[in-house]
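A.B. asks: Quick note on full-length UniProt numbering: the sequence shown kicks off at 1 and runs consecutively.
A virtual CB, placed ideally from N, CA and C, is assigned to each residue, including glycine.
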Amino acid sequence: MKETEQDIVRRSEEITNQYFQFLDRHIADVASGNVSDFMEINQIAAELFISHKHLTDTVQKETGNHPCHFYDLKIIEKAKQMLLETDKSISEIAKTLTYDPSNFSKFFKNFVGETPGQFRKSADK
């Protein structure tokens, strides 16, 4: 049986959605301490039973961005949530998310435009 173009498009959307769902669960597991480190994209692809290249190509084609882009954005989302909803120090949040605190601040500022401390303060206003 030959796959139609529509089947391929649906499978492409399915893979992309599975990737996003996996990231949500995985980042939550890291943040809660159930998992000690973030997985590499090739490890995630293996968990989804596809090749690294297929995952990368599919997500890129579906969204216009590399899978790492979304991985970083979802980590930032989790960091923002932790900054707003917990009284953990920025250093504790960084370590929970497996970052060195100084690298975490640079990473956060690169995406958000302000440091974690500035973000937390501006949210308190």
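Locate the alpha helix (DSSP H) running through K78, then write down its first and last residues.
C.D. replies: Against the sequence shown, residue 78 aligns to sequence position 78. Unbroken alpha helix (DSSP H) run through K78: P67 to E85.
A.B. asks: Considering only residues of the same chain and omitting the five flanking positions on each side of M82, which have a CB-CB separation below 6 Å?
C.D. replies: Locating residue 82 in the sequence shown gives position 82, where the first residue counts as 1. Result list for M82: I93, in chain order.
A.B. asks: Check the C-beta distance from Y19 over to L55 and give it rounded, since I have them as a contact under 8 Å.
C.D. replies: Along the sequence shown, read from residue 1 onward, the residue named residue 19 stands at position 19. Along the sequence shown, read from residue 1 onward, the residue named residue 55 stands at position 55. With 8 Å as the limit, Y19 and L55 qualify as a contact, their Cβ atoms being about 6 Å apart.
A.B. asks: Please identify the residue among C68, T58, G64 and K61 whose C-alpha is closest to the C-alpha of M39.
C.D. replies: In the sequence shown, the residue the question calls residue 39 occupies position 39. Ranking C68, T58, G64 and K61 by Cα distance to M39 puts C68 first.
A.B. asks: Contact defined as beta carbons within less than 8 Å: I believe E47 pairs with F70. What is the distance between those atoms, to the nearest angstrom?
C.D. replies: Counting from one through the sequence shown, the residue named residue 47 turns up at place 47. Counting from one through the sequence shown, the residue named residue 70 turns up at place 70. In fact, because the Cβ distance is near 16 Å, the residues do not count as touching under 8 Å.
A.B. asks: Once you ignore the five residues that flank V59 on each side, which residues in its own chain have a CB closer than 8 Å to its CB?
C.D. replies: As a first step, residue 59 must be located in the sequence shown, where it is residue number 59. Cβ within range, chain order: I15, T16, Y19, N65, H66, P67 and F70.
A.B. asks: Rounded to the nearest angstrom, what separates S51 and E77 at their Cα positions?
C.D. replies: On the sequence shown, residue 51 is found 51 positions in, with the first residue counted as 1. On the sequence shown, residue 77 is found 77 positions in, with the first residue counted as 1. Answer to the nearest angstrom: the Cα atoms are 27 Å apart.
A.B. asks: Based on Cα-Cα distance, which residue from R11, F49, P116 and N42 lies nearest to K80?
C.D. replies: Within the sequence shown, the letter at position 80 stands for residue 80. Nearest of R11, F49, P116 and N42 to K80, Cα basis: P116.
A.B. asks: With DSSP run on the structure shown, which of helix, strand or coil describes G64?
C.D. replies: One-based indexing of the sequence shown puts residue 64 at position 64. DSSP places G64 in coil when its eight states are reduced to three.
A.B. asks: Three-state secondary structure (DSSP) at D124?
C.D. replies: To locate residue 124, count along the sequence shown from 1; it is residue 124. The answer is helix: DSSP assigns D124 an H, G or I state.
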